[in-house]
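Working notes, beginning with the structure itself.
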Amino acid sequence: MSQIHKHAIPANIADRCLINPEQYAEKYQQSVNEPDTFWGEQGKILDWIKPYSQVKNTSFAPGNVSIKWYEDGTLNLAANCLDRHLQANGDRTAIIWEGDDATQSKNITYRELHRDVCRFANTLLDLGIKKR
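Next comes the structure, spelled out in structure tokens:
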């Protein structure tokens with residue numbers, strides 16, 4: 001028989017959270033009861049090249065399960081994950097990499113990550129790999 005163990009969130013961490021447990025529960029209920037409204041609000045957090053007109057298009061019919069989110073919208077993943085953070089947060093840590101060896105770790109800033117992503121993208125272009 002397994003037991004559930006709950007650990008309290010230390011106050012110094014809880015104070016920095018963007019949402020408290022009550023707000024989380026409220027948002028969760030909205031996501032269940034009003035998914036179009038909830039996910040419509042979440043979709044607005046991203047920068048869209050072409051905004052979506054429909055949040056979700058789902059079918060759970062036997063033999064025809066289909067789940068599509070924001071299907072008519074277009075966005076640029078790199079722009080949302082990296083580019084929009086460069087000006088204000090370029091020197092802040094974007095990724096903390098920890099190796100299998102506990103002595104290996106590296107903090108990668110948004111600027112360093114952007115540089116490496118651009119290098120990789122250019123390598124793909126040099127190899128003839130293009131957008132569809």
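Start counting the sequence shown at 1; every next residue gets the next number (UniProt numbering).
Glycine included, C-beta positions come from ideal geometry on N, C-alpha and C.
Helix, strand or coil: which one does DSSP assign to residue 75? strand
Tell me the DSSP secondary structure of residue 123 in three-state form. helix
Could you tell me the distance, in whole angstroms, from the CA atom of residue 117 to the CA atom of residue 3? 44 angstroms
Across which residues does DSSP place residue 97 in a beta bridge pair? 106
Which of helix, strand or coil does DSSP assign to residue 67? strand
Pull up the distance between the alpha-carbon of residue 115 and that of residue 62, whole angstroms please. 47 angstroms
If residue 55 sits next to residue 43, beta carbons under 8 angstroms apart, how far is it from one beta carbon to the other, in whole angstroms? 6 angstroms
Pull up the distance between the alpha-carbon of residue 13 and that of residue 19, whole angstroms please. 12 angstroms
According to DSSP, which residues form a beta bridge with residue 58? 67
Return yes when the Cβ of residue 107 is within less than 8 angstroms of the Cβ of residue 93, no when it is not. yes
Extent of the continuous alpha helix (DSSP H) run through residue 49: First-last for residue 49: 48 to 50, but that is the beta strand (DSSP E), not the alpha helix (DSSP H).
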